[in-house]
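Some notes on the structure that comes next.
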Amino acid sequence: SMYIAVHGGAGIHSYTREKEIKHALRSACREGLKNHGPSDSSNQISFNSTPLDVVSDAIAVLEDDPHLNAGYGSNLTLNGTVECDAAIMDGHSTFGSVGAVSGVKNPIRLARAILDYSKVPDSLGRIPPLTLVSEGAHSFAVSENTRHEQEQATNAIETVPPESMISPKAKDEWTKWKARLDHISSDIDMSDPTSLTDIQDTVGAVAYRIGDTVAAGVSSGGILLKHPGRLGEVLPCRERGVVAPDVGILLLLVEQIEGKPSARLWCAFTTPSMAIAYASSSRSKPAVIQRYP
Numbered sequence: 002s003m004y005i006a007v008h009g010g011a012g013i014h015s016y017t018r019e020k021e022i023k024h025a026l027r028s029a030c031r032e033g034l035k036n037h038g039p040s041d042s043s044n045q046i047s048f049n050s051t052p053l054d055v056v057s058d059a060i061a062v063l064e065d066d067p068h069l070n071a072g073y074g075s076n077l078t079l080n081g082t083v084e085c086d087a088a089i090m091d092g093h094s095t096f097g098s099v100g101a102v103s104g105v106k107n108p109i110r111l112a113r114a115i116l117d118y119s120k121v122p123d124s125l126g127r128i129p130p131l132t133l134v135s136e137g138a139h140s141f142a143v144s145e146n147t148r149h150e151q152e153q154a155t156n157a158i159e160t161v162p163p164e165s166m167i168s169p170k171a172k173d174e175w176t177k178w179k180a181r182l183d184h185i186s187s188d189i190d191m192s193d194p195t196s197l198t199d200i201q202d203t204v205g206a207v208a209y210r211i212g213d214t215v216a217a218g219v220s221s222g223g224i225l226l227k228h229p230g231r232l233g234e235v236l237p238c239r240e241r242g243v244v245a246p247d248v249g250i251l252l253l254l255v256e257q258i259e260g261k262p263s264a265r266l267w268c269a270f271t272t273p274s275m276a277i278a279y280a281s282s283s284r285s286k287p288a289v290i291q292r293y294p
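For the sequence shown, the numbering used here begins at 2 and goes up steadily by one.
So, in C-alpha cells, the structure goes:
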C-alpha cells in the first residue's frame, strides 16, 4: 500500500476559501496516487510510482492552484515578481532543492531533478549541487529540458514566462500591501482586519509505501513583499529544525501492529488554522480536514 498526506499550509485559511482549499488538497492526493496501482491483471502486483513520484506529483497540483502560496498563486516580491522555493527528500537522505527561482511552472519538479542529478557520478569527481538558486536554478531547468528532448523523455521541467506565474489574487494582495508600504503615513484605508502575516503559508506532502521508503517535500512562494533573492524556510529543512512562533507539523507514521502495517497521521499547529488531506492506494477517496483551534 502507498500512503499520502498533503497540507495546504499552517496559517490563516478563511472560511470563504475553505471549499477551494479542500478541492486542491483532494486533487493533490488523487494525482499523487493516480499511477500507483496494479500494472497487470495477474496475482503479481507491481507499482508504477515511488514515494518521490507521489510527493512531487501531489505538490505540483498544489503549485498550480491559485489559492495556495506556491507556484502559480505565490506571494509576490517587493518588485512584484514570483520567486519560489521548493525542496524534496527521501528516507535514504537524498535531497534536492531550489530557491528564489522564477520562470519554472513547478519548482518541486526542478527540486526533484536536482535530487536525481545528485545520484549520477560526475566524470571529473565533482560534488553535485543539492541546492540551486535564482538564475542558476533556471539555467539547470533549461539544460535538463534540452537533455530530455534529446533522450525523448517525458518528464521535462516546464519553463514559462515569469509574469505568467502571477495570479490575479496575488497581484491584488501585492497592490494593496505595496501601497501601504509606500504610503504608510497617508490616508489609505487601514480598516482591513487582515494582516500581512496572514498569507505566508507553505504547501507540502509526505508519502510512504509499505516495504519501501518515505519521501517528503515542500514548496512555497515565500513571504509577501520579500526582498528579491530571499531564501525562505523551505531550504533549511534538511539541516536543522525551525524555531518559530507560528508553525505547523504534518506527521505520517507507519508501524506494525499485530503483524500488519498501520498508518497514523498527526498534525499540530500554533497558527489559526491548518488544512490537510490524506489517502492511500487501498482507500482512493481522500479525507480532508481543515482544522481550527
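Idealized CB from N, CA, C, for every residue including glycine. Here the structure is a predicted model, which is why all the values come from computation and not from measurement.
Nearest to residue i by alpha carbon, out of the options?
i    : options                   : result
C30  : M275, G233 and G205       : G205
K227 : L63, I211 and L79         : L79
G10  : T82, S124 and G218        : G218
V83  : G260, S57 and V161        : V161
R113 : K286, A157, A280 and R18  : A157
P262 : S281, V248 and A61        : S281
R377 : Y118, V134 and Q257       : One cannot answer for residue 377 here, as it falls past the ends of the chain, which runs 2 to 294.
V111 : S28, D86, N36 and E259    : The amino acid at residue 111 is misidentified as Val; the sequence shows Leu. When only C-alpha atoms are compared, the closest one is D86.
E1   : L69, L26 and Q291         : Since the first residue of the chain shown is 2 and the last is 294, residue 1 is not available in this structure.
V248 : E64, A216, E234 and V143  : E234
G81  : R265, S220 and M166       : M166
S57  : L116, L266 and S283       : L116
H8   : S285, S220, R284 and L232 : S220
G230 : N36, D54, S135 and R265   : S135
V62  : E256, V102 and S28        : S28
D202 : A71, H24 and F96          : A71
V207 : S144, A278, F270 and L125 : A278
Q291 : K23, R148 and I5          : K23
S103 : S283, V215, A142 and H184 : A142
Given this structure, state the Cα-to-Cα distance separating residue i from residue j, to the nearest angstrom.
i    : j    : result
S1   : H93  : Since the first residue shown for the chain is 2 and the last is 294, residue 1 is missing from the structure and cannot be characterised.
L254 : L34  : 18 Å
E152 : C268 : 42 Å
E21  : S274 : 15 Å
D123 : L131 : 14 Å
T176 : I224 : 15 Å
H139 : V105 : 7 Å
M3   : A59  : 13 Å
N107 : V289 : 23 Å
A171 : S75  : 7 Å
I89  : T272 : 24 Å
L77  : G222 : 8 Å
L26  : K286 : 12 Å
S98  : L232 : 11 Å
D54  : R18  : 28 Å
T51  : I185 : 50 Å
Could you give the first and the last residue of the continuous alpha helix (DSSP H) run that contains residue i?
i    : result
K177 : P169 to D183
L34  : E19 to L34
R148 : S135 to E152
A61  : P52 to D65
DSSP beta-bridge partners for residue i?
i    : result
Y279 : A6 and A288
C85  : V102
Y118 : Paired residues: none, contrary to the question.
T160 : V105
D91  : A216
G97  : I89
S75  : BP columns for S75 are empty, so no partner.
Ends of the beta strand (DSSP E) at residue i?
i    : result
K106 : From DSSP, K106 is part of no beta strand (DSSP E); its letter is neither H nor E.
E256 : G249 to I258
R210 : V204 to R210
L266 : K261 to F270
S220 : V215 to S221
How about the region 174–183 and the region 202–217: do they share at least three Cβ pairs that are nearer than 8 Å?
-> Because the criterion of three Cβ pairs below 8 Å is not met, the region 174–183 and the region 202–217 do not touch.
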